[in-house]
Structure formats: C-alpha cells, structure tokens
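Under full-length UniProt numbering, the first residue of the sequence shown is numbered 1, with each subsequent residue one higher.
A short worksheet on the structure shown next.
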Amino acid sequence: MSELHDLHDDVRQTVRDLADTVHRAADRDDGGVTIHPEPSLLAQLREAVETGSENGKAGGRSSTRSPADLAALALLQQAERDAAAMHVQALAQDTVTPEERIRAVAGIVGRWTDPRAVATMLEQLRALKRAIRGLLDPQRHITVAAACPECGTRMVWRHQDGENVQTPALSMEHDRGCVCLHCGETWSTPQHLESLRRTIEYAERRDPPARVRSGAEGAAGPVESVDVSPDEE
C-alpha cells in the first residue's frame, strides 16, 4: 500500500506543477520574505505561445514565428491532445455509475457552442432513454397505413420478435411523433402532425382509409382507426 500511496502523491504533485499556480518565498535584503506567484507550466507554455504570436504581429506581414515559437505552439497543441486522451482514459477506468457519467456529460455539453455537436449528443442520450423505456415499459407499436409524404414508401421490412415482418413505413412513437422507417423523416411538432393528418385525409379520398395496427399482430392482425392529430394540452 505504501507504494500505491507514493504513486498517488506523485500524481498529485505532478498535476500541481502542470496546472496550478504555486507561491514561492524569496528572501529580501532587509531580512523579510516576499511571496512570488509562479504560473503553472501549462500557463507558462500558453503565455510563451501568445508572446510569440504578438511578436510576429509586431514584425509586420513578412514576419514569421521563430523556431522556438513554433515549437511552443506545437507542444501546446500536443498538450491539449494528451490532456483530452488522459481525461477519457481516466473516466473509462473510474468506478462511477452511469448516472454520474451522464450528469457529467450534461455539465460538459452545457459549455459547448457548436449546435451540431450538442444535437448529436442529445440524440445519443435520447436513444439510450428510448432503449431503456422500450425494455421496461414496452408499448404497442402503432403504424399508419399511408404512404410517407416525403419518400412515397408505404411498407418496410423490420426485425421483430426474431423474424422479419412487413409493416407500414409510418410509425407513431410516443417520444418522437410520427417517423418514416424508410427515409427517417419525422413529424414531431403539433404543426407537423397536423400537416401529416391533412395529407393522410387527402390520401383517404383516393385509397382505403389509413389504419393503425400493433406490430406484434403482424400484417394480418386486427386494425383500428388512426389519429395523428397533435395532442391537446
């Protein structure tokens, strides 16, 4: 245990050197002591990069960074990559619960400024939520027997209960609205669902009425009327 304790101490000390400002005492001629703050090594490296950049700007358009400035910039970029890799490695081996990890994700994503990155993470979280809910509280799979207004597909094959079955392409999902299982088009807002309802009503005047069925019942199972109107609150 003493070896492990020493290793932990060394880790903490090395992290302090890299990331924390330290205060060092210096003796004065009058016998007093002056405390000088000393930036962390990473802060000093970042300052060196910024100083090199300012020097390059001051030298005019024809000026270029010195080899030392370029080396500092390359090392800072490598430090950022290494820090990210060590962070991921530490999190992967940490004995924390999925709940703690997901809460940490929310805190990190809250600092992001790229909407696409946030949307990607949101979809991953929602996919996990749907998977758990689907297992714990399975609901009837509701489908709409009408062609998708976007791609025109009416029926698709999907894997269900260990076999491939053919079902309508339009699927009603409780947390996503109506989704086309072929092209992925989604009608999730009340306005979009109302537009879909009007499209289906128009199709009913030319074809048999749209129906819903349980996926578990199969293509030949009993059917009932479909309603894709937005829920009233």
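By construction, the Cβ of each residue, glycine as well, lies at the ideal position given by its N, Cα and C atoms.
Residues bridged to residue i [DSSP beta-bridge criterion]
i           : result
residue 24  : 36
residue 143 : 171
residue 105 : Bridge partners of residue 105: none, in fact.
residue 198 : Paired residue(s): none; residue 198 is not in a bridge.
residue 186 : 179
residue 158 : 165
Three-state secondary structure assigned by DSSP to residue i
i           : result
residue 7   : helix
residue 163 : strand
residue 177 : strand
residue 120 : helix
residue 153 : coil
residue 97  : coil
residue 12  : helix
residue 130 : helix
residue 46  : helix
Where the beta strand (DSSP E) containing residue i begins and where it ends
i           : result
residue 110 : No beta strand (DSSP E) contains residue 110, which DSSP labels as neither H nor E.
residue 31  : Looking at the DSSP string, residue 31 is not in any beta strand (DSSP E), and its letter there is neither H nor E.
residue 171 : 170–173
Segment limits, alpha helix (DSSP H) that includes residue i
i          : result
residue 80 : 67–93
Cβ of residue i within 7 Å of any chain D Cβ
i          : result
residue 31 : Looking for chain D here will not work: only one protein chain is present.
Discussion item. Quick test of the definition: if touching needs 3 or more C-beta pairs under 8 Å, does the segment 169–179 touch the segment 147–157?
Written reply: yes
query: Pairing CB atoms from the segment 32–49 with CB atoms from the segment 10–24, are three or more of them under 8 Å?
result: Taking a cut-off of 8 Å on C-beta distances, the segment 32–49 touches the segment 10–24, as three or more cross pairs fall below it.
message = Counting beta carbon pairs with one atom in the segment 118–138 and one in the segment 75–90, are three or more of them shorter than 8 Å?
response = These segments do not touch.
Three or more beta-carbon pairs under 8 Å between the segment 178–191 and the segment 120–136, yes or no? no
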